[in-house]
Every structure is written in C-alpha cells, then in structure tokens.
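Have a look at the structure below before the remarks.
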Amino acid sequence: MIRLRKFEYKPPRVHSGELRTPVTFYEYVPKPGPDPGEQEKKVLYECMAKVDEVWMRDMERAKTNGTLSDVTISIRDPHGDYYPTNKHYVSIDHPYYKDNRYNIDHTQPDLQNRDFINIVGKLET
4 MIRLRKFEYK PPRVHSGELR TPVTFYEYVP KPGPDPGEQE KKVLYECMAK
54 VDEVWMRDME RAKTNGTLSD VTISIRDPHG DYYPTNKHYV SIDHPYYKDN
104 RYNIDHTQPD LQNRDFINIV GKLET
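Take 4 as the starting number for the sequence shown in the numbering used here and just add one per residue.
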C-alpha cells in the first residue's frame, strides 16, 4: 500500500502586501576639493520594501563585521531596471531609520520566492 503525502498549501514568506516601507537607492561620489567625505550623486531606484526586524543573529553579524547595525530588506525583483551592488547606498523612509544611510553589503535572490531579492545593508561605525 502506497501512502501519498497530503498536500498542504504553504503561503509565501513575503508577499506584495508586506512591502509597506518606501526605500531609495543612491549612488555617492567623493566630495570635490580637499575635504574628505562623500556627497549624494543621484537616485538610482525607488521602491516599496519589507524591512525585517532586527534579530539576534543580525546584531551578532553586525558586531563581527565592525558595523553599528545591519538591516535586511526584501524588494520585488526589478528584472534589469536596477542591480544593487556594494557601491550603492539605501535609505529607509521610516522615522526609526531617519537620516541613516546603509551601505549595501550583499544581495541575494530569495530562494523561496524568486519574485523578490534580499538586500543586507550595513550602517558604518
């Protein structure tokens, strides 16, 4: 007798209804002149995102990387309109993250749902 596994629908981890926070991706260049620092060059991409709450593993990763804090952002895959790289910065339009610019540490596709990509941003100390 062969027993088949009962089919159970599992909803996706991230869906479009969770993309509630506006984010903006920037490109920065060094300031002209002898003063050190960077200035905003241009806005590369704007979209809605899901900003994951900070987990203990994120705080431990931030400590080992020497950063102040890390944040994980899930966005819908732009399909060629924009490719996030570690040369870009992201700002999150939320009062908790106000005036913080996160450098993109790495990106990866969401393997559970290929319509989204995950971006890890780090706030430098």
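Backbone N, C-alpha and C define an ideal beta-carbon position, used for all residues, glycine too.
For residue i, is the beta carbon positioned less than 8 angstroms from some heavy atom of the ligand NAD?
i, result
"Tyr86", "The ligand NAD is absent from the structure shown, which contains no ligands of any kind."
For residue i, name the three-state secondary structure that DSSP assigns.
i, result
"Lys45", "strand"
"Gly124", "strand"
"Lys66", "helix"
"Glu21", "helix"
Compute the beta-carbon to beta-carbon distance between residue i and residue j, rounded to the nearest angstrom, for a pair I have assumed lies under 8 angstroms.
i, j, result
"Thr27", "Val74", "No, Thr27 and Val74 are not in contact; Cβ-Cβ is about 14 angstroms, not under 8 angstroms."
"Lys125", "Glu30", "Not a contact, Cβ separation roughly 17 angstroms."
"Ile107", "Ile120", "No, Ile107 and Ile120 are not in contact; Cβ-Cβ is about 11 angstroms, not under 8 angstroms."
"Arg79", "Asp118", "6 angstroms"
"Tyr85", "Leu47", "6 angstroms"
Inset, instruction - Count the CB pairs spanning the segment 20-28 and the segment 61-75 that are closer than 8 angstroms, and state whether there are at least three. - result: The answer is no - the segment 61-75 does not touch the segment 20-28, with fewer than three Cβ pairs under 8 angstroms.
Inset, instruction - Just list the beta strand (DSSP E) runs in the segment 71-114, keeping only unbroken ones of 3 residues or longer that don't cross its boundaries, in chain order. - result: Listed in chain order, the complete beta strand (DSSP E) runs (minimum 3 residues) inside the segment 71-114 are 91-95 and 104-112.
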